[in-house]
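> Dropping a structure here in structure tokens format, bear with me for questions.
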Amino acid sequence: MNKTMKIFAHRGFSGRYPQNTMLAFQKALESGCDGIELDVQLTKDGEVVIIHDEYLDDLTDFTGNVRDYTLGELKSCNAGGKWQEVYGFQPIPTFEEYCEWASGNSLITNVEIKSSVYYYEELEKKTMELIGRFGLKERIIISSFNHLSALSCKDFMPDMKTGALVGNGGIANAGYYCKKFGFECYHPGVEGLTKEEVELCHKNGIEVNVWTINNMDDLENLYEWGCDGVITNYPDVCKSWLKAKKAKG
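Residue numbers are given in UniProt numbering: position 139 of the sequence shown equals residue 139, and the series is strictly consecutive.
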């Protein structure tokens, strides 16, 4: 088991607040979690914004693709999603706004580069420039389903920590894969992950951060397997469970 397992808030405290908004990030911080997972894309005018879906229809009151709107246009978009009636207007944050906020706390940030559905030119460069400007490099993990995209961030910061993000089922022999291609972390979906795969990753010096953990059976299994981190919509529940577990010894 790993008594230092970290709790990452998935798109902020998305189980109770509008995902990938500054409200969700602030509430995640207040929950006592160790880090935040978020997603970045580019606007039509090349600004880095935080939003998960490439299209706006499901999460906002706009329609169409993120890339087809300027930042100014997107700032009038309500990202409150299903929570709009509860929390009112919630703007799509820029990554710059987030970095400024994060520079005032100690959270780790897992930045997912959204480049596997549509490849944004210069998304990696612009993301890394903001990380550098705000001095956040030591508290950042870059991940992506597009593994070339994540690794290309090392062109701008060679020692940037990166994670190979994969779906449920993962990659067999993931530890060797990550070590061979220069990933420091492996980020699998929880379904299909085994204790043996976690052990193989650790034998290769690779950290394992697993998504998305929203039930206690999964949380307990991953803790017992020694996983380094879990990504959850309910950071408060996971953090409280982990504290109780540690207190029992």
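C-beta atoms are modelled at their ideal positions from N, C-alpha and C, and glycine is treated no differently.
Hey, residue 146 and residue 113 are a contact pair by Cβ (cut 8 angstroms); roughly how many whole angstroms apart?
For this step, residue 146 is matched to residue 146 along the sequence shown. For this step, residue 113 is matched to residue 113 along the sequence shown. About 7 angstroms separates the two Cβ atoms, so the contact holds.
> Whole angstroms are fine: how far does the CA of residue 103 sit from the CA of residue 195?
In the sequence shown, counting from the first residue as 1, residue 195 sits at position 195. In the sequence shown, counting from the first residue as 1, residue 103 sits at position 103. Whole-angstrom Cα-Cα distance: 35 angstroms.
> Kindly provide the ranges of any beta strand (DSSP E) runs that are 3 or more residues long and lie completely inside the region 120–168, ordered along the chain.
Those beta strand (DSSP E) runs which fall completely within the region 120–168 and span 3+ residues are 140–144, 161–165.
> Where do the N-terminal and C-terminal ends of the beta strand (DSSP E) with residue 49 fall, by residue?
One-based indexing of the sequence shown puts residue 49 at position 49. Note, residue 49: beta strand (DSSP E), 48–50.
> Shortest alpha-carbon distance to residue 134 belongs to which of 109, 117, 123, 149?
Counting from one through the sequence shown, the residue named residue 134 turns up at place 134. Per the Cα distances, 109.
> Nearest-angstrom Cα distance between residue 57 and residue 43?
Sequence index remark: in the sequence shown, residue 57 carries index 57 (1-based). Sequence index remark: in the sequence shown, residue 43 carries index 43 (1-based). In a straight line, the C-alpha of residue 57 is about 16 angstroms away from that of residue 43.
> Can you tell me the Cα-Cα spacing of residue 65 and residue 221, whole angstroms?
Translated into positions along the sequence shown, residue 65 becomes position 65. Translated into positions along the sequence shown, residue 221 becomes position 221. Approximately 38 angstroms, taken between the alpha carbons.
> Looking at the secondary structure, which residues open and close the alpha helix (DSSP H) in which residue 209 lies?
Within the sequence shown, numbered from 1, the residue matching residue 209 stands at position 209. Careful: residue 209 lies outside any alpha helix (DSSP H), inside the beta strand (DSSP E) at 207–210.
> Just mark residue 216 as buried or exposed, buried being the case when its beta carbon has 16 or more other beta carbons within 10 Å.
Stepping through the sequence shown from its first residue, residue 216 is reached at position 216. Residue 216 should be labelled exposed.
> Can you give the Cα-Cα distance for residue 80 and residue 54, rounded to whole angstroms?
Position 80 of the sequence shown holds residue 80. Position 54 of the sequence shown holds residue 54. Straight-line Cα distance between these residues: approximately 16 angstroms.
> For residue 13 and residue 161, what's the separation of their Cα atoms in angstroms?
Reading the sequence shown from its first residue, position 13 is the one you call residue 13. Reading the sequence shown from its first residue, position 161 is the one you call residue 161. Answer to the nearest angstrom: the Cα atoms are 23 angstroms apart.
> Pull the bridge partners of residue 36 from the DSSP assignment, please.
Locating residue 36 in the sequence shown gives position 36, counting from the first residue. Paired residue(s): 9, 109.
> Among all the DSSP beta bridges, which residues are the ones paired with residue 90?
In the sequence shown, residue 90 corresponds to position 90, counting from 1. For residue 90, which the question treats as bridged, DSSP gives no partner whatsoever.
> Which value, in whole angstroms, describes the spacing of the CA atoms of residue 21 and residue 211?
Locating residue 21 in the sequence shown gives position 21, where the first residue counts as 1. Locating residue 211 in the sequence shown gives position 211, where the first residue counts as 1. Taking the straight line joining both Cα atoms gives about 19 angstroms.
> Would DSSP call residue 26 helix, strand or coil?
The sequence position of residue 26 within the sequence shown is 26, counting from 1. Residue 26 falls in the helix class under three-state DSSP.
> For residue 127, which residues of its own chain have a beta-carbon under 6 angstroms away from its beta-carbon, when the five flanking residues on both sides are left out?
Your numbering for residue 127 matches position 127 in the sequence shown. 40, 48, listed in sequence order.
> If you drop the 5 nearest sequence neighbours on each side, which residues of the same chain put their C-beta closer than 7 angstroms to that of residue 317?
Here the chain comprises residues numbered 1 to 249, so residue 317 is not present and cannot be evaluated.
> Quick one: is residue 158 buried, meaning 16 or more other Cβ sit within 10 Å of its Cβ, or exposed?
Indexing the sequence shown from 1 puts residue 158 at position 158. Classification of residue 158: exposed, given that the 10 Å Cβ count is below 16.
> Give me the DSSP bridge partner(s) of residue 187.
As a first step, residue 187 is located in the sequence shown; it is residue number 187 there, counting from the start. Answer by DSSP bridge pairing, in chain order: 165.
> Between the C-alpha atoms of residue 224 and residue 203, what's the straight-line distance to the nearest angstrom?
On the sequence shown, position 224 is the one that residue 224 refers to. On the sequence shown, position 203 is the one that residue 203 refers to. Approximately 16 angstroms, taken between the alpha carbons.
> Given a cut-off of 7 angstroms on the beta-carbon distance, is the pair residue 186 and residue 213 in contact?
Taking the first residue of the sequence shown as 1, we reach residue 186 at position 186. Taking the first residue of the sequence shown as 1, we reach residue 213 at position 213. For residue 186 and residue 213, no; Cβs fall outside 7 angstroms.
> Which word fits residue 228, buried or exposed, when buried means at least 16 other C-beta atoms lie within 10 angstroms of its C-beta?
Within the sequence shown, numbered from 1, the residue matching residue 228 stands at position 228. It is buried - the Cβ of residue 228 has at least 16 other Cβ atoms within 10 Å.
> Could you please give me the residues that DSSP links to residue 42 through a beta bridge?
What you label residue 42 is simply residue 42 of the sequence shown in a count that begins at 1. Bridge partners of residue 42: 48.
> Could you give the first and the last residue of the continuous beta strand (DSSP E) run that contains residue 230?
Within the sequence shown, the letter at position 230 stands for residue 230. Start and end: 229–232.
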